[in-house]
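Heads up: the structure comes next, in structure tokens.
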Amino acid sequence: DAGVTQSPTHLIKTRGQQVTLRCSPKSGHDTVSWYQQALGQGPQFIFQYYEEEERQRGNFPDRFSGHQFPNYSSELNVNALLLGDSALYLCASSLVSAANTGELFFGEGSRLTVL
Amino acid sequence: AQSVAQPEDQVNVAEGNPLTVKCTYSVSGNPYLFWYVQYPNRGLQFLLKYITGDNLVKGSYGFEAEFNKSQTSFHLKKPSALVSDSALYFCAVRLILTGGGNKLTFGTGTQLKVEL
Chain P
1 DAGVTQSPTH LIKTRGQQVT LRCSPKSGHD TVSWYQQALG QGPQFIFQYY EEEERQRGNF
61 PDRFSGHQFP NYSSELNVNA LLLGDSALYL CASSLVSAAN TGELFFGEGS RLTVL
Chain U
116 AQSVAQPEDQ VNVAEGNPLT VKCTYSVSGN PYLFWYVQYP NRGLQFLLKY ITGDNLVKGS
176 YGFEAEFNKS QTSFHLKKPS ALVSDSALYF CAVRLILTGG GNKLTFGTGT QLKVEL
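Which chain is which? The protein sequence lines are P and U, in order. The opening position of the first sequence corresponds to residue 1 in our numbering, with each subsequent residue numbered one higher. The opening position of the second sequence corresponds to residue 116 in our numbering, with each subsequent residue numbered one higher.
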């Protein structure tokens, strides 16, 4: 049973560029959340997707956008990259029916470096 | 605002000794609390959760956590530490959001170092 998979694992961009990160949820899961983990900090909630719609959003600017596909996979897009966007981006999947009690399953993350 | 706090940036313990990683929470209503572990350059792995029921929760790799409502704490414990337990540990609280959905709010993390 494949867990949460993310790609790419590492990437380097320059300021002003755009990046797309991808995530495939754990088999059977229908909800995908994205988190940003800056160096030395805990993960911060970016947004959550269910039924191909953004359901909730954290305190992140509109430069951060996403998408969920019919097969539940998801993309995170960041436009006009800033140095401060350098971080580990984590995707987590879950079941909407287990929102109250189910744990989130995390991928290994995509390490973004902005130069 | 609902949050968790991890007061220790780092905990050092000798192998074979018991370990405790502290977490306190601030939530309205009943808390849903979690512990995750992160190894270097890896994602987060679920250890255990408290939803309701027994205050002592058992999880993966021999870890357990004690929920204490009066002290608003959810400390992670293990009776006998291993060098391989050395990692970054995060406490988190699940928030059920208005309009549907949910999110985890994480603490700042505690680096556990187990030495021979």
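All C-beta atoms in this analysis are idealised placements derived from N, C-alpha and C, irrespective of residue type, glycine included. No experiment lies behind these values; they were computed from the predicted model shown.
Asked: Alpha carbon to alpha carbon, how far is Asn170/U from Cys206/U?; Found: 16 angstroms
Asked: Which whole-angstrom value is the C-beta distance of Pro6/P and Ser94/P, which I expect to be below 8 angstroms?; Found: Checking the displayed sequence, the identity of residue 6/P turns out to be Gln instead of Pro. Their Cβ separation, rounded to whole angstroms, is 15 angstroms, which puts Gln6/P and Ser94/P out of contact at 8 angstroms.
Asked: Take the Cβ of Glu103/P as the centre, count every other Cβ of all protein chains shown within 10 Å, and call the residue buried at 16 or more, exposed below.; Found: buried
Asked: State the beta-bridge partners of Asn217/U as determined by DSSP.; Found: Ile211/U
Asked: Measure the C-alpha to C-alpha separation of Phe45/P and Trp34/P and round it to an integer number of angstroms.; Found: 6 angstroms
Asked: Please return the same chain residues whose Cβ sits closer than 8 angstroms to the Cβ of Asn132/U, not counting the five positions on each side in sequence.; Found: Ser195 and Ala196
Asked: How many angstroms separate the CA atom of Gly216/U from the CA atom of Thr135/U?; Found: 32 angstroms
Asked: Please go through the same chain and pick out, in chain order, the residues whose beta-carbon is closer than 6 angstroms to the beta-carbon of Thr14/P, but skip the five residues on each side of it.; Found: Leu115
Asked: I'd like to know whether the C-beta atoms of Phe189/U and Leu148/U end up nearer to each other than 8 angstroms.; Found: yes
Asked: Taking just the CA atoms, how far does Tyr151/U sit from Ser118/U?; Found: 16 angstroms
Asked: State yes or no: is the beta carbon of Gly216/U nearer than 8 angstroms to at least one beta carbon in chain P?; Found: yes
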